[in-house]
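Working notes, structure below.
There are 6 protein chains.
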Amino acid sequence: MKKDFDLLSLGEILLRLSPPDNERIVRGETFQKQVGGAELNVVSGAALLGLRTGIISKLPDNSLGIYAKNRVRFCGVSDDYLVYDKEEDARLGIYFYENGAYPRKPSVVYDRRHASFCKINETEVPDSMYANTACFHTSGITLALSENTREVAIDMIKKFKAQGALISFDVNFRGNLWTGEEAKECIERILPYVDIFFCSEDTARLTFLKEGNVKEIMKSFTEEYPISIVASTQRIVHSPKVHTFGSVIYSAKEDKYFEEEPYRDIEVVDRIGSGDAYISGVLYGLLGCGFDCQKALEYGNATSSVKNTIPGDLPSCDLKEIDRIIRNHKNTGIQLEMDR
Amino acid sequence: MKKDFDLLSLGEILLRLSPPDNERIVRGETFQKQVGGAELNVVSGAALLGLRTGIISKLPDNSLGIYAKNRVRFCGVSDDYLVYDKEEDARLGIYFYENGAYPRKPSVVYDRRHASFCKINETEVPDSMYANTACFHTSGITLALSENTREVAIDMIKKFKAQGALISFDVNFRGNLWTGEEAKECIERILPYVDIFFCSEDTARLTFLKEGNVKEIMKSFTEEYPISIVASTQRIVHSPKVHTFGSVIYSAKEDKYFEEEPYRDIEVVDRIGSGDAYISGVLYGLLGCGFDCQKALEYGNATSSVKNTIPGDLPSCDLKEIDRIIRNHKNTGIQLEMDR
Amino acid sequence: MKKDFDLLSLGEILLRLSPPDNERIVRGETFQKQVGGAELNVVSGAALLGLRTGIISKLPDNSLGIYAKNRVRFCGVSDDYLVYDKEEDARLGIYFYENGAYPRKPSVVYDRRHASFCKINETEVPDSMYANTACFHTSGITLALSENTREVAIDMIKKFKAQGALISFDVNFRGNLWTGEEAKECIERILPYVDIFFCSEDTARLTFLKEGNVKEIMKSFTEEYPISIVASTQRIVHSPKVHTFGSVIYSAKEDKYFEEEPYRDIEVVDRIGSGDAYISGVLYGLLGCGFDCQKALEYGNATSSVKNTIPGDLPSCDLKEIDRIIRNHKNTGIQLEMDR
Amino acid sequence: MKKDFDLLSLGEILLRLSPPDNERIVRGETFQKQVGGAELNVVSGAALLGLRTGIISKLPDNSLGIYAKNRVRFCGVSDDYLVYDKEEDARLGIYFYENGAYPRKPSVVYDRRHASFCKINETEVPDSMYANTACFHTSGITLALSENTREVAIDMIKKFKAQGALISFDVNFRGNLWTGEEAKECIERILPYVDIFFCSEDTARLTFLKEGNVKEIMKSFTEEYPISIVASTQRIVHSPKVHTFGSVIYSAKEDKYFEEEPYRDIEVVDRIGSGDAYISGVLYGLLGCGFDCQKALEYGNATSSVKNTIPGDLPSCDLKEIDRIIRNHKNTGIQLEMDR
Amino acid sequence: MKKDFDLLSLGEILLRLSPPDNERIVRGETFQKQVGGAELNVVSGAALLGLRTGIISKLPDNSLGIYAKNRVRFCGVSDDYLVYDKEEDARLGIYFYENGAYPRKPSVVYDRRHASFCKINETEVPDSMYANTACFHTSGITLALSENTREVAIDMIKKFKAQGALISFDVNFRGNLWTGEEAKECIERILPYVDIFFCSEDTARLTFLKEGNVKEIMKSFTEEYPISIVASTQRIVHSPKVHTFGSVIYSAKEDKYFEEEPYRDIEVVDRIGSGDAYISGVLYGLLGCGFDCQKALEYGNATSSVKNTIPGDLPSCDLKEIDRIIRNHKNTGIQLEMDR
Amino acid sequence: MKKDFDLLSLGEILLRLSPPDNERIVRGETFQKQVGGAELNVVSGAALLGLRTGIISKLPDNSLGIYAKNRVRFCGVSDDYLVYDKEEDARLGIYFYENGAYPRKPSVVYDRRHASFCKINETEVPDSMYANTACFHTSGITLALSENTREVAIDMIKKFKAQGALISFDVNFRGNLWTGEEAKECIERILPYVDIFFCSEDTARLTFLKEGNVKEIMKSFTEEYPISIVASTQRIVHSPKVHTFGSVIYSAKEDKYFEEEPYRDIEVVDRIGSGDAYISGVLYGLLGCGFDCQKALEYGNATSSVKNTIPGDLPSCDLKEIDRIIRNHKNTGIQLEMDR
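Chains as they are written, first to last, in UniProt numbering: chain X, 1 to 340; chain A, 1 to 340; chain B, 1 to 340; chain W, 1 to 340; chain F, 1 to 340; chain C, 1 to 340.
Spelled out as structure tokens, the structure:
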């Protein structure tokens with residue numbers, strides 16, 4: 001039976017402010033104004049590919065909250081589960097992002113403490129959503145932001161799971177939010193519920209203290225927990241403006257690894273959110289294509305690679321465009337230089 | 001004996017973000033990026049007119065703090081008494097400002113809680129400043145922001161006073177920071193130390209429960225407290241884009257009121273900070289022109305009126321320009337259309 | 001029984017391109033990029049006020065169509081009834097708009113011929129919408145654009161009416177699309193179905209050849225046709241940058257005229273869409289407030305007046321903001337200068 | 001017999017740099033980049049109305065000179081008589097312009113000394129131009145810039161006159177270039193050659209020491225010199241953003257004054273060049289409409305008034321647009337709000 | 001005997017709209033506004049190098065047509081043969097261009113149907129032009145746009161040829177305008193008139209079904225038709241931001257191939273129009289340098305390569321700059337890093 | 001005993017105007033507005049790293065001079081020794097800069113003649129500065145600008161030297177200001193006073209006619225003159241957007257060369273001022289780190305390399321950021337992709 005949402009996610013929506021081009025935070029007279037947030041990035045990418053998605057979040061009841069809501073809708077993501085903070089100290093978390101150019105690294109200043117999202121309460125969203133949703137996704141950021149968001153997230157995972165939803169989880173480790181030990185301990189509480197698990201090789205080693213090669217590590221998670229799919233991205237940062245991107249997916253049921261040629265020498269315009277875009281693509285491949293791991297891999301890699309060329313956190317490519325990019329990636333013959 | 005600073009002020013420095021032109025916070029893709037803050041506005045206006053000024057404040061030790069420091073210096077204000085917050089929760093207070101156009105009022109969204117300034121500590125600035133300064137200015141905003149800033153401000157008032165500095169104080173009542181009763185009670189604690197007192201007629205009535213006409217009210221403050229000068233602005237808001245501005249100054253020593261024709265039908269570009277610019281002009285007239293109240297009035301009115309035509313919180317007119325505006329204001333003959 | 005949509009509308013969505021500020025179409029290097037269209041403007045304004053609305057339209061299946069769809073969603077309008085033109089000659093209608101400044105009038109260049117909307121077909125949208133909708137709105141522009149859109153509109157009016165929806169119609173006469181006689185003949189075909197009728201005094205005289213004062217004219221429509229509500233705007237254009245706006249509403253059932261003080265000397269930023277915003281407000285007053293004509297009048301006048309201060313065709317004020325503007329408009333006492 | 005050019009002019013072309021909107025020269029991060037110059041403004045306005053015009057000037061042989069040439073052509077003005085300075089010290093004169101808003105006046109900073117134009121030599125342009133041209137125009141600015149340009153201008157006036165061209169001259173007195181006495185003495189050398197004379201009432205009084213009312217003054221010039229037409233503009237500067245503009249033309253042959261209602265409360269966007277635009281319109285009325293002084297008046301007033309609404313020095317309205325503005329100005333009945 | 005024009009071309013002028021930088025058509029709030037069109041690009045590039053050129057085209061008689069005319073003149077191209085469409089359905093063709101960044105390709109959306117150019121009629125331009133022109137150029141796009149433009153183009157080719165003009169033709173095959181077979185059949189009708197023929201290797205193979213290596217193919221055209229010069233570009237697209245560009249020219253009379261080292265790793269800013277710029281350079285080399293094929297090659301390669309670094313369709317380099325680029329390209333010694 | 005300034009410099013401050021991104025001087029509608037100048041660049045970079053610095057210069061007493069002063073202060077450089085030119089011909093020197101993209105080189109147009117700086121007089125600055133300063137720096141540009149600046153510079157060098165300041169000198173040869181012979185002759189007059197000498201290998205060969213490898217050349221200067229430190233940069237320009245940068249420092253006292261791996265494939269955003277930034281870093285390493293030549297090398301290379309990624313002449317990195325870049329440069333292990 002078809003559910004109302006293919007994918008719901010719980011996560012903070014942030015105001016992103018960034019100087020134009022190569023300008024700096026310490027100077028200049030304008031900021032580009034955008035919204036982002038790991039989970040929003042995932043559901044908006046998935047919505048573009050065709051999934052019906054929504055975001056569970058809490059926004060301040062002021063102009064900035066309305067702005068964030070408008071952007072959510074612009075992306076085709078449902079705002080049904082956005083709730084509003086009418087208290088006087090309501091605020092939208094902010095982050096400031098500055099582009100890099102070798103030898104200057106991209107840099108981020110966070111101003112996300114005390115955000116309204118940290119006060120979200122399960123009772124603010126209707127219980128009907130648990131049964132209405134095919135897959136629930138969240139990330140380690142939501143777990144790390146505050147004790148409250150952690151408990152809300154874990155509760156939601158359990159309730160969604162209980163109603164038959166798949167659970168997708170991205171470790172997305174951020175050293176400025178919690179320590180590796182805290183992350184490990186907390187995430188191990190939820191791994192028993194997780195079906196689709198996103199974890200980079202580095203994080204697996206440093207946080208989960210895994211050893212062996214990347215494939216052994218990926219498989220080991222499925223041996224310890226009832227995880228069906230483990231996906232691991234592989235990014236090479238040649239410089240802030242040039243990356244190479246690929247990934248490996250392991251399917252426990254099939255006991256099989258899926259790989260393809262990475263996208264080499266991506267012309268990076270804005271790297272933020274490309275990891276989240278990967279998850280969009282993978283989830284589309286799984287949820288929208290009958291759990292075809294090869295497709296998940298291809299959609300994940302293409303959606304992530306092309307996200308690097310899009311300003312802002314949020315992806316902007318629909319299925320037609322991603323399919324074209326995948327075809328070009330596989331094509332070894334003559335290619336048209338332009339889409340027209 | 002000449003002191004190092006003509007004017008020091010204690011106050012919060014805020015990041016100001018505003019959509020360009022008539023665009024709205026709930027939409028659009030850029031913010032203009034500026035700094036402001038009532039006390040900074042005052043000292044930067046006074047610095048432009050020729051006083052040697054500085055700002056006592058606390059900034060986060062990150063790119064935004066550096067940006068604020070750079071802007072302070074750009075204005076010719078000393079950054080000697082800026083201190084930096086290296087804690088993880090350091091943040092620069094922010095406010096979002098949207099222009100109005102009748103019948104749409106200008107609007108402000110504040111996000112200034114938990115700012116580093118609220119953690120400022122007197123021990124962070126050198127005691128030498130008390131003796132080095134001819135006049136200390138602060139406002140009701142600093143008193144209202146937090147219990148800590150209130151106590152720091154009151155202590156500094158006492159210490160500056162003890163070292164012979166004049167004390168200038170602007171009520172600047174903000175209903176979103178405290179109630180009228182709180183304001184009245186607190187400000188009455190400091191009025192015994194105040195030499196130069198800025199209070200609008202409305203605030204005098206609503207907050208201090210004064211009665212009578214504006215002149216009676218102004219005089220009454222000097223009867224209750226050892227205040228030398230009371231200044232009161234008179235603004236008529238015809239629409240968000242058209243104001244009329246004038247003021248009255250009362251000198252207790254001379255027992256005399258100073259007035260002049262208001263500036264009528266000012267073509268308002270950005271009204272924020274025009275009240276603070278008034279104080280700059282008055283303080284310049286007093287501190288820089290041998291306590292000439294007529295000059296204080298004229299500098300106050302001109303500096304404030306022209307600030308309305310300048311984008312951002314901060315004034316940008318030097319003495320030469322203000323003198324020219326005053327001459328034009330008094331001139332009833334033929335005027336050149338342009339300065340060239 | 002509650003229906004899924006409070007308001008659906010049929011109309012063309014146009015790409016609007018306009019030089020920034022006072023720049024001209026014949027020069028310059030950028031265009032502001034927006035979407036608009038009389039019916040979209042109406043439903044987006046109504047959505048902001050709280051009605052559940054949607055737009056029935058046809059867009060090209062290319063990047064410009066996706067752009068238009070994204071903007072529709074940004075406004076909170078449902079895109080459920082947007083259909084896509086996959087033919088090779090699919091195109092989005094365009095108009096170019098240049099601001100005025102006395103003695104230069106605002107000017108418009110249309111490039112809307114052959115647009116995909118003109119090819120819209122009733123079979124492309126599901127029949128279920130007719131029963132799901134409380135009110136259907138369209139305008140004379142849709143009737144005038146092409147023979148096909150005229151027939152589709154008339155058919156939809158009949159089908160919505162048959163399913164119990166109210167019919168709202170705005171004459172919106174455009175001399176560059178058809179003649180007054182054509183308009184009169186066509187609109188008289190649909191007036192028997194119309195419940196809420198928007199017609200300016202000038203159009204009533206010039207197109208419908210009405211005589212008498214505006215109230216007599218308004219009433220006469222309800223005598224000839226089973227119309228419940230007639231609304232007529234009254235705009236005085238002092239200059240391209242200064243307008244005065246008011247209106248009259250006549251309720252046939254109550255046999256009563258509703259009027260209030262106009263909004264005088266509006267500081268016009270962008271006049272386009274202010275007539276449509278009026279309709280948003282009136283429909284909100286009727287559909288959302290139990291057919292309270294006084295509220296309809298107040299919401300109509302406020303929503304239209306403030307639209308003049310917003311760049312682009314589309315309104316951007318929610319109910320809270322409009323309620324504040326109405327309060328200020330009625331308030332004769334002291335007013336705060338700013339919303340903060 | 002038809003000549004190749006209706007109007008040639010000799011004058012400096014300047015790079016104009018101005019901060020956007022209400023921003024200031026002392027701050028900000030961008031300049032708008034335009035070209036201007038009194039004589040170029042005149043010929044480009046006249047070209048837009050339909051005259052075949054050209055500009056005689058000297059530009060540096062570098063990218064800025066090419067930029068200026070490109071802009072000249074953009075306006076439809078011939079660049080046949082532009083010559084290039086290949087010397088190392090070649091430079092394009094510059095001026096910086098800042099908009100005003102009451103009580104802040106517009107202001108100009110000149111950086112035009114040592115410009116290549118000051119080195120122009122008659123031998124650089126072909127002698128054929130003297131016979132090919134119906135009217136030659138220049139202004140007091142060219143006379144004042146340098147001794148060389150003065151002598152070149154006077155020589156050209158004589159040569160054009162000798163070949164049967166009409167001579168048009170605008171006093172355009174600039175106190176920062178020369179004194180009133182210098183101007184009077186120099187201009188009196190050329191008045192014997194002038195056919196069409198532009199002089200404001202103030203300049204006539206202050207520079208030429210004329211007395212009496214404006215009409216008497218205008219007539220007196222034609223009594224002293226063989227001048228056919230005297231035109232005098234009348235501008236009231238209500239504020240930097242609101243002007244009223246009208247003029248009087250006196251025809252010596254007809255001994256008749258031409259006047260009409262001024263354009264009141266012009267919404268000024270950029271006042272620079274509006275005096276030059278007046279000359280464009282008058283010269284079009286004379287040279288293009290069989291010396292019809294009524295038309296000259298109407299074209300002059302309309303072209304000048306509307307120039308105030310156009311950013312930059314250069315006008316941008318063609319004949320169709322000016323004719324529409326004149327019709328609207330004379331129309332006392334209902335007016336359309338928009339051109340569409 | 002010298003003719004008035006070195007080069008005339010027949011072709012459509014398009015409004016080009018493109019999001020800034022890496023922004024997308026489906027998002028964002030501005031478009032860059034430019035003009036372009038294959039034939040205009042060719043003549044404007046040639047004008048910059050020193051040829052006297054003009055464009056034969058038809059524009060709508062509205063603000064957009066005026067804008068296009070102004071840009072044509074800005075480039076130094078004569079607008080003598082621009083004609084205007086005063087009908088109600090007059091329109092300027094438009095195309096929307098979005099930059100690429102690997103793995104996102106550049107993309108184009110065309111909206112050029114029903115453009116005024118398609119209605120151009122030979123009788124609108126004076127017959128005198130045929131004898132006044134040294135070379136006439138057009139491209140396969142003009143042939144493909146409509147039956148009318150095809151017949152006008154073929155007629156003009158014949159008339160120019162009859163009056164002794166050289167005929168230059170660029171195949172410029174566009175699969176979205178016609179099929180390869182249609183192109184082949186049509187172009188073979190005109191090849192008997194062509195003197196200078198531009199055809200890429202791929203097009204020669206796919207459209208003209210040629211076999212053999214590129215040199216054999218080039219020569220074969222001159223064997224079948226009385227073509228003097230065949231030029232073929234060789235572009236390697238490493239990524240949307242990195243290209244390598246070179247070409248081969250074959251002179252039938254000399255039976256000789258001209259080649260040089262390609263420009264490697266061009267830093268592509270805007271690739272559009274670089275093929276047309278190549279033609280500009282080659283035609284300058286032929287028409288302006290006594291048919292020197294080596295110079296044609298060098299000017300073609302340099303003009304095209306550098307066009308890739310210029311935003312917009314239109315080139316902007318004059319002869320001095322191209323000569324400098326050619327010298328640098330040939331120079332194997334120390335090079336200055338900057339031109340100053 | 002600690003002196004008031006670690007570093008003072010004498011040099012011209014220029015207004016820099018540059019088209020945005022890849023736009024050209026010959027086209028476009030805006031210029032980016034910045035200030036620069038070799039010596040200002042040096043002291044502002046050094047101020048960012050922590051030295052107390054000031055600039056000795058002369059500015060026009062107009063809005064542009066104030067703008068320049070404001071920018072100087074923004075950088076943290078003292079404006080104590082700025083003097084103002086109140087004469088009518090006062091002007092700020094200007095240069096126009098256009099970015100390059102292969103095969104288009106960056107290009108510069110200078111308009112710096114007759115600048116107020118050329119009129120600077122030693123008596124305008126207080127003699128107290130000579131004793132108050134640890135190091136004085138100037139460059140060959142100041143020597144070359146005018147006879148007056150040359151004599152002032154040489155006099156100042158002698159006076160600073162006499163008071164015990166170190167003398168730092170950068171040859172910075174500019175062929176458009178003087179010939180190699182003039183430079184050689186003049187610089188040899190000051191080399192007897194120089195302690196820290198910056199000279200590139202090419203300049204050493206071409207101007208000073210040195211022979212041998214770079215190390216031999218560097219050492220030879222110290223053998224001929226009492227120079228302590230010679231620093232020589234080594235830049236490889238792969239293309240306008242890709243450079244490699246390294247340097248060698250020779251310490252005469254230690255008779256030792258300092259080198260490290262160059263920064264390879266720098267992603268160049270704006271190359272101007274990167275040579276000056278090198279000097280900032282070296283002087284910080286020497287003056288701020290106890291004459292540690294290894295640190296001087298590392299600070300010089302890092303500060304210069306990262307300057308290439310910053311728009312404008314002026315650096316913007318503080319010590320914390322440069323230290324991080326040096327650590328990353330030396331780090332051969334895993335690197336974080338972003339600073340957060």
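Glycine is no exception: its CB is placed at the ideal position from the N, C-alpha and C atoms.
Neighbourhood of A:Ser316 in chain W, by CB distance below 8 Å: Arg24, Val26, Arg27, in chain order. The beta carbons of A:Pro262 and A:Gly288 sit about 23 Å from each other, so the pair does not count as a contact at 8 Å. A Cβ-Cβ separation of about 11 Å leaves W:Phe198 out of contact with W:Ile227 under the 8 Å criterion. When Cβ-Cβ separations below 7 Å define contact, X:Ser63 makes contact with chain A.
Rounded to whole angstroms, the Cβ separation of X:Glu267 and F:Pro240 is 7 Å, and the two are in contact under 8 Å. Under the DSSP assignment, A:Asp292 falls outside any alpha helix (DSSP H); it carries neither an H nor an E label.
Interface flag for F:Glu124 against chain C is unset, since no Cβ pair is found closer than 7 Å. At a Cβ-Cβ threshold of 7 Å, X:Ser107 and C:Asp323 do not count as neighbours. Here A:Ser168 is buried, its C-beta having at least 16 other C-beta atoms within 10 Å.
Contacts with chain W at 7 Å (Cβ-Cβ) do not include F:Phe197. One thing to note: B:Ser232 has its Cβ within 7 Å of the Cβ of B:Glu201. Closer than 7 Å to the CB of F:Arg16 there is not a single CB belonging to chain X.
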